[in-house]
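Residue numbers for the sequence shown, in the UniProt record's numbering: 2 to 811.
No residue lacks a Cβ here, since even glycine has one placed at the ideal position from N, Cα and C.
Please read all numbers here as calculations on a predicted model, not as lab measurements.
Beneath this line is the structure, given in structure tokens, with notes to follow.
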Amino acid sequence: SDRYDPPAIEVAWQARWSQSEAYHVSNDDPRPKSYVLCMYPYPSGPAHQGHVRNYTFGDLNVRYRTMNGEAVLSPIGFDSFGLPAENAAIRTGVHPRVFTEERMAELKASLTRLGAAYDWRREIYSHDPSYIRWSQYLFLRFYQAGLVYRGDAPVNWCPGCQTVLANEQVLADGTCERSGDLVVRRELTQWFFRITRYADELLEGLEDLDWPQRVKTMQRNWIGRSVGAEISFEVDGLDDYKLRVFTTRPDTIFGATYAVVAPEHPDLERLTAPDLEERVKAFLEEVATRSELERMAGEDAGKRGVPLGTYAINPITGERIPIYVADYVLGHYGTGAIMAVPGEDDRDYEFARNFGLPVVETVARPEGFVGPVYTGPGAKINSGFLDGLSVEEAKAEVISRLEKIGAGSESVKYRLRDWLVSRQRFWGCPIPILYCQACGTVPVPDDQLPVLAPDDVEFRPTGESPLLHSDAFRLTTCPRCGGPATRETDTMDTFVDSSWYYLRFCDPFSEDRPFDVQAVEDWMPVDQYIGGVEHAILHLLYARFFTRALSDLGLAPATLKEPFKRLFTQGMIRLGGSKMSKSKGNLVTPQRYFDTVGADALRLFHLFVGPPADDFDWTDQTDEMIEGCHRFLQRVWSLADRIPVNQGEPDTGNPTYLVVHQLIARTTDGIDRWAYNTSVAALMELTNALSKAQADLVDPVTLDYGLRTLLELLAPMAPHIASELYHRRYGLDVHRQAWPKVDHALLASAMVTLVVQVNGKTRATLTIDPLAPEEVVRPLAQTAIASHLEQVKIQRVIAKLPRVMNFVVE
Ligand code: ANZ
Ligand code: ZN
2 SDRYDPPAIE
12 VAWQARWSQS
22 EAYHVSNDDP
32 RPKSYVLCMY
42 PYPSGPAHQG
52 HVRNYTFGDL
62 NVRYRTMNGE
72 AVLSPIGFDS
82 FGLPAENAAI
92 RTGVHPRVFT
102 EERMAELKAS
112 LTRLGAAYDW
122 RREIYSHDPS
132 YIRWSQYLFL
142 RFYQAGLVYR
152 GDAPVNWCPG
162 CQTVLANEQV
172 LADGTCERSG
182 DLVVRRELTQ
192 WFFRITRYAD
202 ELLEGLEDLD
212 WPQRVKTMQR
222 NWIGRSVGAE
232 ISFEVDGLDD
242 YKLRVFTTRP
252 DTIFGATYAV
262 VAPEHPDLER
272 LTAPDLEERV
282 KAFLEEVATR
292 SELERMAGED
302 AGKRGVPLGT
312 YAINPITGER
322 IPIYVADYVL
332 GHYGTGAIMA
342 VPGEDDRDYE
352 FARNFGLPVV
362 ETVARPEGFV
372 GPVYTGPGAK
382 INSGFLDGLS
392 VEEAKAEVIS
402 RLEKIGAGSE
412 SVKYRLRDWL
422 VSRQRFWGCP
432 IPILYCQACG
442 TVPVPDDQLP
452 VLAPDDVEFR
462 PTGESPLLHS
472 DAFRLTTCPR
482 CGGPATRETD
492 TMDTFVDSSW
502 YYLRFCDPFS
512 EDRPFDVQAV
522 EDWMPVDQYI
532 GGVEHAILHL
542 LYARFFTRAL
552 SDLGLAPATL
562 KEPFKRLFTQ
572 GMIRLGGSKM
582 SKSKGNLVTP
592 QRYFDTVGAD
602 ALRLFHLFVG
612 PPADDFDWTD
622 QTDEMIEGCH
632 RFLQRVWSLA
642 DRIPVNQGEP
652 DTGNPTYLVV
662 HQLIARTTDG
672 IDRWAYNTSV
682 AALMELTNAL
692 SKAQADLVDP
702 VTLDYGLRTL
712 LELLAPMAPH
722 IASELYHRRY
732 GLDVHRQAWP
742 KVDHALLASA
752 MVTLVVQVNG
762 KTRATLTIDP
772 LAPEEVVRPL
782 AQTAIASHLE
792 QVKIQRVIAK
802 LPRVMNFVVE
């Protein structure tokens with residue numbers, strides 16, 4: 002018997018998996034289909050521990066589902082466009098493709114070394130000309146459907162560099178990181194996806210998704226649906242003009258003591274009295290230097306503004322109120338103008354105090370309330386015909402009055418803005434549009450796709466895309482009139498690439514279309530999507546938009562509305578303590594562990610360290626824990642050495658047999674609940690139980706049965722050692738075995754009664770598995786006595802499992 006040598010057996014099994022194409026699935030596979038997907042990685046070089054964690058979870062799901070009899074689509078690819086490669090090109094002169102493909106090869110090698118099982122035939126990467134072609138093709142379908150348009154949008158503009166800057170290139174003090182000049186905001190014509198058309202659908206679609214609540218909440222807030230009213234104010238001295246404001250509190254209209262327009266408001270000039278033009282102009286120049294965040298939340302936010310010298314007429318009260326321009330009102334939200342109610346709105350109050358404007362309270366304050374601004378419910382006061390109504394009643398009443406007099410109506414607004422996809426960058430998917438003097442904006446014909454960037458360009462630190470200076474690329478002929486035309490030189494946001502890659506994975510083989518609709522229908526939606534919470538908003542929202550739009554355009558199945566049925570967002574790994582330093586940073590690269598304790602131990606550690614959704618700190622003790630996982634696998638190895646192969650019918654009456662089934666149940670339950678740490682704990686327990694049984698000379702067939710089951714349960718978590726031992730013992734591939742089935746009748750007969758108490762009084766009894774740990778039992782117990790836990794606080798839980806669980810409450 003030889004010693005456990007993880008690197009040797011792991012590399013050997015990886016070679017076998019790759020040769021045997023074990024995880025290739027075909028679209029006509031007869032088994033029930035499922036689709037497990039990890040967010041495709043940005044190729045940043047060799048894997049780091051975040052990758053290891055992510056792809057370990059993904060691989061566990063793939064192998065587990067496969068053992069459960071499913072045909073599992075497990076593809077991978079690379080989100081290979083993006084800024085880092087372009088910046089490296091500027092620094093080193095190496096072409097972004099060369100740089101990117103080196104990083105891709107490194108990451109691919111790490112993923113393979115981790116033992117993750119993929120159908121590599123389906124690999125896709127964003128910069129592949131065939132992927133570019135179909136990204137451009139889809140862009141043009143959206144364009145034809147009116148879901149892509151060109152419009153003006155503010156960008157960060159550096160007057161020194163004469164170029165647009167990404168947000169990351171603007172320093173905290175608002176200056177350019179390169180020139181040191183003050184960055185200003187400027188309008189530029191750019192391309193947009195009309196995602197706002199789907200705002201309501203994207204909101205409603207969240208309901209049925211099996212996603213973490215907090216991710217759904219983030220998406221809801223990002224879409225930001227507000228119900229209120231649009232109200233028209235006449236402006237003194239301006240005939241045929243109405244200033245439209247958006248408010249969520251039309252009931253407060255009697256307290257509107259001034260109005261405000263955003264600095265970007267299109268009618269600002271008309272609304273400015275001649276003697277104030279100079280002051281307004283100076284104010285606008287000052288505003289242009291501030292970010293949106295500073296405007297809304299910075300110091301002095303809400304206190305800056307200038308009166309316009311004009312007056313609006315309140316359509317309900319007939320009152321004349323001054324109009325201001327102020328930077329706490331944003332140009333692109335609502336109507337870009339508000340009625341200000343300092344009695345019931347904090348920002349309005351700050352501003353009113355600063356400018357000495359009157360405050361009128363329109364809601365009765367509850368007894369004991371202190372403070373100038375009250376935003377809660379109550380009876381209307383100082384509000385004419387609304388007095389005595391509740392806030393909600395008053396809203397409805399005002400809206401119906403406004404409708405009668407033609408001065409307003411109910412209105413719904415969204416925070417969500419259209420998706421700006423133009424990037425002034427080289428390393429991205431070119432936008433397939435031409436500009437012709439005669440014909441205007443012309444889409445590149447499908448048969449001229451893909452539009453590819455040329456290779457012979459120069460990368461210079463000017464901040465401008467080399468495409469702008471490549472005449473070979475830029476100058477072309479118009480496909481409509483044959484006259485001279487120029488190409489769009491902007492490329493697409495890389496989020497466009499990640500908005501449809503999961504569809505292409507279903508059918509990366511088609512040469513004549515982005516994907517076969519039937520293949521997408523067969524595999525989609527993704528049954529389990531896995532990734533970081535940093536993608537909770539943009540990527541997931543854009544992908545959901547793409548799926549819905551493609552479905553509506555007939556390019557994806559009509560029934561496919563949501564791409565990701567179930568989402569799991571894993572916790573983050575924080576580097577703690579002394580490991581923070583860069584010089585020691587190499588201590589945590591996976592390679593070091595691959596070469597010593599092996600991938601299986603590292604995988605097991607990531608599964609064992611805590612609930613997968615939680616963050617954890619990588620500290621000086623972490624190595625100790627990985628070492629511990631290695632020792633556990635060594636115990637499994639030597640146990641297999643001590644237990645001879647003895648196939649036959651196990652003794653179902655043997656206590657060891659019962660333990661095996663109790664632990665099958667717990668391992669399976671842990672996997673199904675994404676509580677992998679409890680599954681690993683169960684396997685450790687099983688190993689101990691078998692060790693003891695072996696020492697006690699338990700029936701050899703039952704022992705062998707126990708060990709065989711242990712290896713099957715271990716297979717999705719530590720696939721190499723499980724494969725090796727299983728193959729040595731039984732000559733079979735463990736990953737092709739059926740997932741062990743629990744003998745439920747046996748477990749039921751071994752169940753015990755748990756008494757659930759509140760402050761020592763019995764309130765319920767439960768039948769439980771005698772080995773179930775507290776974390777499994779507690780939620781069951783809590784549900785059983787839910788009525789006794791209402792309106793009390795649990796102080797402590799005293800558990801004497803499996804007999805008693807006592808909740809001490811206040
Ligand atoms: C009067 C009022 C009275 C308001 C009151 C609030 C409280 P949400 O919920 O985010 O939709 N508002 C409208 N457009 C704005 C803009 N472009 N920039 C900044 N603020 C704007 O908020 C809607 C409320 O935010 C609107 O209702 C408006 O102030 C302000 F007691 O109108 B309210
Ligand atoms: Zn033309």
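Can you round the beta-carbon distance between Asp29 and Pro76 to whole angstroms, since I take them to be within the 8 Å contact cut?
-> Here residue 29 is taken as the residue at index 28 of the sequence shown, counted from 1. Here residue 76 is taken as the residue at index 75 of the sequence shown, counted from 1. Between Asp29 and Pro76, the beta carbon gap of about 17 Å keeps them out of contact (Cβ cut-off 8 Å).
Could you check which residue in Val534, Val262, Ala723 has the C-alpha nearest to that of Val216?
-> Here residue 216 refers to the residue found at position 215 of the sequence shown. Checked all of Val534, Val262, Ala723; the closest Cα to Val216 is Val534.
Taking only runs of the beta strand (DSSP E) that begin and end inside the segment 125 to 162, which ones reach a length of at least 3 residues, in chain order?
-> 149 to 159
Along the chain, which unbroken stretches of the alpha helix (DSSP H) at least 4 residues long are found entirely within the segment 169 to 237?
-> The qualifying runs are 200 to 205, 214 to 224.
In chain order, what residues place their C-beta within less than 5 Å of a heavy atom belonging to the ligand ANZ?
-> Ser227, Phe247, Thr248, Thr249, Arg250, Thr253, Val330, Leu331, Tyr334, Gly335, Ile339, Val342, Glu345, Asp346
Neighbourhood of Asp618 by C-beta, 7 Å cutoff - its chain only, sequence neighbours within 5 removed | Translated into the one-based positions of the sequence shown, residue 618 becomes position 617. So the qualifying residues of the chain are Arg575, Gly577.
Determine the extent of the alpha helix (DSSP H) in which Asp388 is found, giving its start and end residues.
-> The sequence position of residue 388 within the sequence shown is 387, counting from 1. Neither: Asp388 is in no alpha helix (DSSP H) and is coded neither H nor E.
With 16 other Cβ atoms within 10 Å as the buried cut-off, status of Arg142 | By 1-based counting over the sequence shown, the position of residue 142 is 141. By the 10 Å Cβ count, Arg142 comes out buried.
Taking DSSP as the reference, what is the three-state secondary structure of Arg481?
-> Locating residue 481 in the sequence shown gives position 480, counting from the first residue. Arg481 falls in the coil class under three-state DSSP.
For Val443, is the beta carbon positioned less than 7 Å from some heavy atom of the ligand ZN?
-> Residue numbering aside, residue 443 sits at position 442 when the sequence shown is read from its first letter. Yes, Cβ of Val443 sits closer than 7 Å to a heavy atom of the ligand ZN.
Hey, is Arg488 close to the ligand ZN, as in C-beta under 7 Å from one of its heavy atoms?
-> Residue numbering aside, residue 488 sits at position 487 when the sequence shown is read from its first letter. Relative to the ligand ZN, the beta carbon of Arg488 is positioned no closer than 7 Å to any heavy atom.
Identity of the residues DSSP links to Ser466 by a beta bridge | The residue you call residue 466 lines up with position 465 of the sequence shown. For Ser466, no pairing in a beta bridge is given by DSSP.
Asn807 classed as buried or exposed, judged by whether at least 16 other C-beta atoms fall within 10 angstroms = Residue 807 sits at position 806 when you count from the first residue of the sequence shown. By the Cβ-count criterion, Asn807 is buried, with 16 or more other Cβ atoms from all chains shown falling within 10 Å of its own Cβ.
Please work out which residues of its chain come closer than 6 Å, Cβ to Cβ, to Asp649, disregarding the five sequence neighbours upstream and downstream, and give them in chain order.
-> For the purposes of this step, residue 649 is taken as the residue at position 648 of the sequence shown. With the sequence shown as reference, residue 649 is identified as Gly, and Asp is not the correct amino acid for it. Within the same chain, Gly649 has close Cβ partners Val702.
Considering only C-alpha positions, which residue in the set His52, Cys39, Glu320 is nearest to Glu124?
-> The sequence position of residue 124 within the sequence shown is 123, counting from 1. Of the listed residues, the one whose Cα sits closest to Glu124 is Cys39.
How about Val422 and Phe82: do their beta carbons lie closer than 8 Å?
-> In the sequence shown, counting from the first residue as 1, residue 422 sits at position 421. In the sequence shown, counting from the first residue as 1, residue 82 sits at position 81. Their beta carbons are not under 8 Å apart, which means Val422 does not touch Phe82 by this criterion.
Is Asp448 helix, strand or coil by DSSP?
-> Taking the sequence shown and counting its residues from 1, one reaches residue 448 at position 447. Residue state, collapsed to three classes: helix.
Using the C-alpha atoms, what's the distance from Leu767 back to Val753?
-> Locating residue 753 in the sequence shown gives position 752, counting from the first residue. Locating residue 767 in the sequence shown gives position 766, counting from the first residue. One C-alpha to the other measures close to 8 Å.
Nearest to Ile314 by alpha carbon, out of Gln170, Thr258, Lys396, Glu279?
-> For the purposes of this step, residue 314 is taken as residue 313 along the sequence shown, with counting starting at 1. Checking every option, the nearest Cα to that of Ile314 belongs to Thr258.
Supposed contact pair Leu166 and Val184 - C-beta distance, whole angstroms, cut 8 Å = In the sequence shown, the residue the question calls residue 184 occupies position 183. In the sequence shown, the residue the question calls residue 166 occupies position 165. Indeed, because the Cβ distance is near 6 Å, the residues count as touching under 8 Å.
Regarding Arg481 and the ligand ZN, is the C-beta to nearest heavy atom distance less than 7 Å?
-> The sequence position of residue 481 within the sequence shown is 480, counting from 1. It does: the Cβ of Arg481 is within 7 Å (strictly closer) of some heavy atom of the ligand ZN.
Note down, in chain order, each residue of its chain lying with its Cβ closer than 7 Å to the Cβ of Leu748, except the 5 sequence neighbours on either side.
-> Start at 1 with the first residue of the sequence shown, and residue 748 comes out as number 747. Here the set comprises His662, Gln663, Ala666, Asp770.
Hey, would you say Pro8 sits closer than 8 Å to Leu108, going by beta carbons?
-> The count along the sequence shown starts at 1 and reaches residue 8 at position 7. The count along the sequence shown starts at 1 and reaches residue 108 at position 107. Between Pro8 and Leu108, the gap from beta carbon to beta carbon reaches 8 Å or more.
Use the C-beta contact count for Asn55: other C-beta atoms within 10 angstroms, 16 or more gives buried, fewer gives exposed.
-> Counting from 1 along the sequence shown, the entry for residue 55 is found at position 54. By the 10 Å Cβ count, Asn55 comes out buried.
Could you pull out every residue in the same chain whose Cβ sits closer than 7 Å to the Cβ of His536, ignoring the five residues on either side in sequence?
-> Residue 536 sits at position 535 when you count from the first residue of the sequence shown. So the list reads Met40, once near-sequence residues are dropped.
Contacts around Leu704, its chain only, beta-carbon distance under 8 Å, and the 5 residues preceding and following it disregarded | Within the sequence shown, the letter at position 703 stands for residue 704. Correct list, in chain order: Ile644, Asn647, Thr657, Leu691, Ala694, Gln695.
By Cβ distance, which residues of its chain are closer than 6 Å to Tyr5, with the 5 residues on each side in sequence left out?
-> Position 4 of the sequence shown, counted from the start, is the residue given in the question as residue 5. Gln635, Trp638, listed in sequence order.
Arg804: buried (16+ other C-beta within 10 angstroms of its C-beta) or exposed?
-> In the sequence shown, residue 804 corresponds to position 803, counting from 1. It is exposed - the Cβ of Arg804 has fewer than 16 other Cβ atoms within 10 Å.
Option nearest Phe516 by Cα separation, candidates Ala439, Tyr242, Tyr138 = In the sequence shown, residue 516 corresponds to position 515, counting from 1. That would be Tyr138, whose Cα lies nearest to the Cα of Phe516.
Going by C-alpha distance, which of Glu512, Glu489, Gly707, Thr463 is nearest Ser180?
-> Position 179 of the sequence shown, counted from the start, is the residue given in the question as residue 180. Looking at the Cα atoms, Thr463 is the closest of the given residues.
Consult DSSP for Met581 and reduce its assignment to one of helix, strand or coil.
-> Walking along the sequence shown from the start, residue 581 turns up at place 580. Here Met581 scores only 37 on pLDDT, less than 50, and its place in the model is too uncertain to base an answer on.
Limits of the unbroken beta strand (DSSP E) element including Ser692 | As a working mapping, residue 692 is identified with position 691 in the sequence shown. It is not in any beta strand (DSSP E) - Ser692 instead sits in the alpha helix (DSSP H) that spans 677 to 696.
DSSP three-state call for Tyr415: helix, strand or coil?
-> Here the question's residue 415 lines up with position 414 in the sequence shown. Here Tyr415 sits in strand by DSSP.
Going by C-alpha distance, which of Leu244, Asn678, Ile382 is nearest Ala263?
-> To locate residue 263, count along the sequence shown from 1; it is residue 262. Comparing Cα positions, the closest option is Leu244.
Nearest-angstrom Cα separation, counted from His25 out to Glu713 = Position 712 of the sequence shown, counted from the start, is the residue given in the question as residue 713. Position 24 of the sequence shown, counted from the start, is the residue given in the question as residue 25. Roughly 21 Å separates the two Cα atoms.
Is Cys177 near the ligand ZN, with its Cβ less than 7 Å from a heavy atom?
-> Position 176 of the sequence shown, counting from 1, holds the residue named residue 177. Cys177 Cβ: outside cutoff for every heavy atom of the ligand ZN.
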